[in-house]
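Shown next, in structure tokens, is the structure this report addresses.
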Amino acid sequence: MRKTAITLGAIASLFVAACSLGDDTAPSVDGDSNAADSKADEAANDEGTRDNPYPAGTTIAVGDWEVSLAETNLDATADVLAENQFNEIPDGTTAVMVEITATYVGDDSATAWVDLSIEFVGSDGNTYSGVDASCGVIPNDLVDAGKQYTDATSTGNECSAVPDDAIDGGVWRVAEAFGGTEAFVAVK
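When the count follows the UniProt record's numbering, it moves up by one through the sequence shown with no breaks and lands on 188 for the last residue.
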């Protein structure tokens, strides 16, 4: 009982101490908007963000990979439907497809479609990829690329079925599949 009281007392003391710590940042002053504007301008100039994506064709480092996305085919529906008789693109959506070139620059071996997460981010702010936005069997699917060793390159397509009203203004998000580096790439 005495140990419990001491433990609870110690926890309460830590809680009070943590709550009493002040915020080290200086409050903004209405007249000091230049600093805020400068930070906003700096963020807008950061290339590879959703607001300022890399242009299509730019090679970017993503973890142990150097990745380049070509210009996007914003209406690949006919290509997808022609690839396999069982493919279906739901009404109100369009197949959006991009060719990806991925070079492994790590020390051992890896597989691009396992290590990389490639998603279309619609103008509505939602991501489209995987099972929920699958195009089905697509031509030259990146999934068909095998394991790669250092300096090996593979090329393949990624496709997402995207709502028609979310395509214009969308970008691609390329990231390490298990967290870490991410970048955004324009469709053109």
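Glycine is no exception: its CB is placed at the ideal position from the N, C-alpha and C atoms. Predicted, not measured: the structure shown is a model, and the values here were computed from it.
In this structure, does DSSP put residue i in helix, strand or coil?
i, result
"residue 141", "strand"
"residue 111", "coil"
"residue 49", "coil"
"residue 72", "coil"
What does DSSP give as the partner residues of residue i in its beta bridges?
i, result
"residue 96", "160"
"residue 192", "Look at the range of the chain in this structure, 1 to 188, and you will see that residue 192 is not part of it."
"residue 60", "67"
"residue 102", "67 and 154"
"residue 148", "110"
Could you name the residues of the same chain whose beta carbon sits closer than 7 Å to that of residue i, not counting the 5 residues immediately before and after it, in chain order?
i, result
"residue 93", "161, 162, 163 and 164"
"residue 62", "116, 174, 175, 176, 181 and 183"
Keeping to the same chain, check which residues put their C-beta closer than 6 Å to that of residue i; ignore five residues upstream and five downstream.
i, result
"residue 190", "Any property of residue 190 remains undetermined from this structure, which presents the chain solely from 1 to 188."
"residue 71", "56 and 188"
"residue 118", "158 and 174"
"residue 126", "none"
According to the neighbour-count rule (16 or more other Cβ atoms, all chains shown, within 10 Å of its Cβ), is residue i buried or exposed?
i, result
"residue 95", "buried"
"residue 104", "buried"
"residue 90", "exposed"
"residue 77", "buried"
"residue 149", "exposed"
"residue 275", "In the structure as shown, the chain begins at 1 and stops at 188. Residue 275 is therefore absent and cannot be evaluated."
"residue 131", "exposed"
"residue 86", "exposed"
Would you mind giving the Cβ-Cβ distance between residue i and residue j, rounded to the nearest angstrom? I have them listed as a contact below 8 Å.
i, j, result
"residue 113", "residue 142", "5 Å"
"residue 99", "residue 155", "6 Å"
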